[in-house]
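Numbering (our numbering), first residue to last: 39 to 519. Even for Gly, the Cβ is constructed at its ideal location relative to N, Cα and C. Inspection log for the structure reproduced underneath, given as structure tokens.
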């Protein structure tokens with residue numbers, strides 16, 4: 039991740055626009071900028087179908103819950119990337135969308151039959167393969183109905199990317215897809231006909247390290263069909279394991295030749311034997327320029343989705359006393375909501391700002407409660423962002439949630455805006471006005487602020503269902519005042 043590169047909205051925001059051409063253009067820019075800084079292999083797009091509202095790690099990274107949408111938008115993005123002579127990567131095969139476990143913290147076990155996988159989870163990957171995707175990333179997820187080989191946790195769990203809970207560390211499971219030849223070779227290679235590179239998800243994730251040493255995980259992943267082992271926690275251990283397995287004959291030379299040949303072929307395809315050096319003098323011109331920022335802003339404008347306006351609260355009544363509250367599951371401080379607050383203020387809105395995160399001091403919580411109690415309207419930015427490996431991924435801290443519940447119970451006007459997890463409305467079903475921005479990128483925050491003020495049309499539609507509340511496709515269309 040590069041701070042100066044173009045900061046596009048999350049995938050779900052792109053689907054909310056209804057226009058797959060935006061996905062293609064995003065892919066073109068992503069590929070062009072990656073190539074300019076010397077990266078020829080991009081680990082995107084996410085082709086997981088997010089059909090589980092409790093998923094703590096995919097969420098807005100997905101293009102939505104409809105496999106046809108995920109296939110259409112995801113493949114468009116991949117084609118854009120590869121138009122720039124950069125490899126795109128479809129992930130996380132065979133589908134990480136229907137789980138409530140973060141594989142950074144434990145091993146998700148997905149009890150789904152092959153028939154269901156064929157019609158839902160695998161559909162976007164099939165489309166990507168047909169359209170020539172260059173690589174596919176394998177997930178640390180167990181599918182007992184596909185590969186039932188049982189595994190048990192290591193006696194000494196040495197940790198992973200994120201701390202796993204004791205109940206997860208002691209859990210028996212079946213082999214993860216990362217180490218399964220039935221999933222990688224039999225299904226992905228033979229049945230689906232994929233000829234590109236297979237990449238593992240990070241080898242340092244707890245979904246793998248709870249059960250296997252790095253030496254054994256590396257060997258088993260390679261034997262299963264993986265060509266590239268991503269981000270080991272111990273590179274030397276991985277290399278030792280692979281070398282010993284080749285020397286002993288456990289890994290046949292034919293298997294090694296197969297992967298090496300594939301990688302050399304891709305390097306040739308990308309022109310890396312002719313262009314061995316990246317010309318650095320082009321970076322400033324290509325990366326994060328005015329044209330790409332304009333595209334980002336356009337996508338953000340089209341993505342904002344108005345799910346509810348039962349109290350007819352939009353545009354906000356400037357004559358009333360207003361509090362603007364940000365509640366975040368991160369630790370970035372008030373700057374988290376800087377673009378939102380700045381846009382409201384620059385357009386003349388008068389308000390009392392407040393911000394809370396999990397480690398906010400008691401004095402901050404008390405001051406926030408006072409500001410909310412003294413207001414007539416509360417605009418709440420819900421920064422429940424996807425934080426891989428975090429215990430409170432996609433949620434908000436209780437200190438802020440309690441104040442929000444109090445405001446809703448008081449009957450005062452509350453305008454909620456999700457700058458992350460769109461499912462958060464399920465926790466506050468009594469909220470009468472609710473917008474979704476699908477992320478906290480500056481472009482999305484500015485667009486959400488303009489929507490609240492009635493300065494732009496609101497045209498986005500939900501790419502997911504809010505269970506028990508709103509169906510997929512919900513989106514109140516508003517013309518700016």
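Alpha helix (DSSP H) containing residue 156: first to last residue? Where residue 156 is concerned, the enclosing alpha helix (DSSP H) stretches over 152-157.
For residue 122, three-class secondary structure by DSSP: Assigned with DSSP and collapsed to three states, residue 122 falls in coil, not helix or strand.
Note the first and the last residue of the continuous alpha helix (DSSP H) segment covering residue 424. Premise fails: residue 424 is in no alpha helix (DSSP H) and is neither H nor E.
Per DSSP, residue 346 forms a beta bridge with which residues? 472
Test item: CB-CB of residue 234 and residue 176 under 8 Å: no
Quick one: measure Cβ to Cβ for residue 166 and residue 112, integer angstroms, because I've assumed they're closer than 8 Å. 6 Å
Out of 485, 398, 358 and 343, point me to the one whose CA is closest to residue 471's CA. Comparing Cα positions, the closest option is 343.
Suppose contacts are defined by Cβ-Cβ distances below 8 Å. Is residue 420 in contact with residue 461 by that definition? No; because the gap between Cβ atoms is not below 8 Å, this pair is not in contact.
Residue 521 versus 389, 483, 464 and 120, residue with shortest Cα-Cα distance: Outside the shown range of the chain, which is 39 to 519, sits residue 521, and nothing can be said about it.
Any beta strand (DSSP E) of 3 or more consecutive residues that is wholly inside the stretch 59-108: none
When the Cα atoms are used, what is the spatial distance from residue 204 to residue 456? Unreliable positioning characterises residue 204 in this predicted model, as indicated by a pLDDT of 44, which lies under 50. A coordinate reading is not provided.
So residue 363 is in the beta strand (DSSP E); what residue range does that whole segment cover? Note, residue 363: beta strand (DSSP E), 360-366.
For residue 112, which of helix, strand or coil comes out of DSSP? helix
Best match in 509, 514 and 308 for proximity to residue 102 [C-alpha to C-alpha]: The residue with the shortest Cα to Cα distance from residue 102 is 509.
Starting from residue 402, follow its DSSP beta bridges and name the residues at the other end. DSSP output for residue 402 lists no bridge partner at all.
Considering only residues of the stretch 295-351, which uninterrupted alpha helix (DSSP H) runs meet the minimum length of 4 residues and lie entirely inside it, listed in chain order? 321-324 and 328-341
Can you check whether the CB of residue 275 is closer than 8 Å to the CB of residue 252? yes
Check whether the stretch 121-131 and the stretch 61-79 touch, using three or more Cβ-Cβ pairs below 8 Å as the test. yes
How do the stretch 177-186 and the stretch 150-158 stand: do at least 3 beta-carbon pairs fall below 8 Å, yes or no? yes
What residue from 401, 334, 413 and 282 has the CA that sits closest to residue 477's CA? 334
Are the beta-carbon atoms of residue 535 and residue 116 separated by less than 8 Å? The structure shown does not extend to residue 535, since the chain is modelled only from 39 to 519, so the question has no answer here.
Check whether residue 350 and residue 425 have beta carbons under 8 Å apart: No, these two residues do not count as a Cβ contact at 8 Å.
Cβ atoms of residue 269 and residue 242: under 8 Å apart, would you say? Result yes, Cβ atoms of residue 242 and residue 269 sit closer than 8 Å.
In the DSSP assignment, find the beta strand (DSSP E) that holds residue 451 and state where it starts and stops. 451-456
Is the CB-CB distance between residue 514 and residue 453 below 8 Å? no
Pick from 265, 361, 385 and 401: whose alpha carbon is nearest that of residue 492? 385
Measuring only the C-alpha atoms, how far is residue 501 from residue 158? Cα-Cα distance, rounded: 15 Å.
Given residue 397, which residues of its chain have a CB within under 7 Å of its CB, disregarding the five upstream and five downstream residues? 369
Report the rounded CA-to-CA distance for residue 122 versus residue 74, giving the unit in angstroms. 10 Å
Please state whether DSSP places residue 516 in a helix, a strand or coil. Three-state DSSP puts residue 516 in a strand.
Using C-beta distances below 8 Å, list every residue in its chain close to residue 325, excluding the 5 sequence neighbours before and after it, in chain order. 40, 42, 43, 44, 71, 74 and 75
In whole angstroms, give me the CA-to-CA distance for residue 321 and residue 442. 45 Å
Per DSSP, what kind of secondary structure is residue 434 in: helix, strand or coil? The answer is coil: DSSP assigns residue 434 none of H, G, I, E or B.
Using the beta-carbon count (16 or more within 10 Å), is residue 99 buried or exposed? buried
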